[in-house]
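The numbers in UniProt numbering rise by one with no breaks, and the one at position 49 of the sequence shown is 52. Where a beta carbon is used, it is the ideal one built from N, C-alpha and C, also for glycine. As the structure is a computational prediction, the values presented were derived from the model and not from experiment. Here is the structure we will look at, set down as structure tokens.
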Amino acid sequence: YRIAIFASGSGSNFQAIVDQVQKGKLDVSIELLVCDRPQAYVVERAIEAKVPVFTFVPKEYESREAYEALILKELNDRQVDLIVMAGYMRIITNVLVEPYFGRMINIHPSLLPSFPGVRAIEQAVEYGVKQTGVTVHFVDGGLDSGPIIAQRAVEIHEHETADSLAERIHAAEHVLLPQVIRWLREDRVSLDGRRVSVRS
Ligand code: GRF
4 YRIAIFASGS GSNFQAIVDQ VQKGKLDVSI ELLVCDRPQA YVVERAIEAK
54 VPVFTFVPKE YESREAYEAL ILKELNDRQV DLIVMAGYMR IITNVLVEPY
104 FGRMINIHPS LLPSFPGVRA IEQAVEYGVK QTGVTVHFVD GGLDSGPIIA
154 QRAVEIHEHE TADSLAERIH AAEHVLLPQV IRWLREDRVS LDGRRVSVRS
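Okay, here's the thing in structure tokens:
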């Protein structure tokens with residue numbers, strides 16, 4: 004079961020997946036890291052983990068569709084079964100959504116549909132909710148809007164700052180994302196319209 008991970012930043016979620024694979028707890032082959040920022044720390048992590056890397060500079064292409072067509076070729080060449088978006092900060096177009104719908108997931112640091120988009124953790128603190136969390140969902144054409152697979156709640160404590168909360172949010176992500184990948188690897192997830200069910 005071959006996966007590609009898309010990331011743009013530090014790659015702690017990428018690392019959590021790599022760690023699970025290396026511990027023998029996640030039976031997948033990480034075929035490729037796709038990254039839109041060649042200097043991002045996640046690229047270092049991939050080199051360290053001997054995961055092949057495909058980096059690109061978006062502004063060097065005339066459109067999103069143009070670079071996504073290249074990425075799709077890389078994925079097809081490697082017969083990738085699942086795309087995992089883990090902090091990939093680009094809008095995805097139909098070039099990837101079309102062939103991969105139902106085989107492309109994203110992790111988002113809030114309990115969607117609350118607080119979609121960027122700065123989700125800060126949004127939750129600013130709004131004053133008592134509980135936030137993390138969501139893993141299938142990627143559709145919208146922004147953080149695809150069918151939800153799993154969620155995990157994270158309490159917001161008194162006098163919480165976005166930084167202290169972010170640590171607990173990321174810890175929850177590092178558990179939930181590998182778990183959902185394991186369910187998909189075991190073919191236990193089914194999608195019926197917007198409803199997702201996971202067989203035990
Ligand atoms: C994570 O919080 C993820 O939910 C969000 O971007 C962050 C990526 O963090 N989309 P990292 O690069 O995996 O450390």
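Nearest neighbour of residue i, chosen from the options [CA to CA]
i: R188; options: D84, N97, E125 and I124; result: D84
i: R171; options: Q134, S11 and Y70; result: Q134
i: V24; options: S203, R185 and R198; result: R185
i: P116; options: V137, E77 and E101; result: V137
i: L78; options: P55, L146, P41 and S113; result: P55
i: P41; options: F17, A19, V98 and S11; result: S11
i: I33; options: K76, L75 and Q82; result: Q82
i: V199; options: G105, A127 and E176; result: G105
Backbone CA spacing between residue i and residue j [nearest angstrom]
i: I95; j: R155; result: 25 Å
i: P150; j: D195; result: 9 Å
i: A52; j: V21; result: 7 Å
i: L73; j: D80; result: 11 Å
i: G27; j: A19; result: 13 Å
i: R191; j: Y4; result: 14 Å
i: L168; j: L146; result: 23 Å
i: D30; j: I6; result: 11 Å
i: P61; j: V183; result: 29 Å
i: E68; j: T58; result: 16 Å
i: N16; j: V37; result: 14 Å
Simplified DSSP state of residue i, which is helix, strand or coil
i: S167; result: helix
i: S113; result: coil
i: Q154; result: strand
i: L35; result: strand
i: A123; result: helix
i: F59; result: coil
i: Q182; result: helix
i: I94; result: coil
i: I86; result: strand
Residue i: CB within 7 Å of a non-hydrogen atom of the ligand GRF
i: P112; result: yes
i: H173; result: yes
i: K13; result: Here the sequence assigns Ser to residue 13, which means Lys is not the residue at that position. Flag set: Cβ of S13 near the ligand GRF.
i: F9; result: no
i: Y141; result: A small fix is needed here, since residue 141 is Phe in this sequence, not Tyr. No, since every heavy atom of the ligand GRF falls outside the 7 Å radius drawn around the Cβ of F141.
i: E47; result: no
i: residue 2; result: This structure leaves residue 2 out entirely; the chain is present only between 4 and 203.
i: F59; result: no
i: V105; result: Residue 105 is actually Gly in this sequence, not Val. Flag unset: Cβ of G105 not near the ligand GRF.
i: A156; result: no
Below-8 Å beta-carbon distance, residue i vs any chain D residue
i: R93; result: No chain D is present in this structure, which holds just one protein chain.
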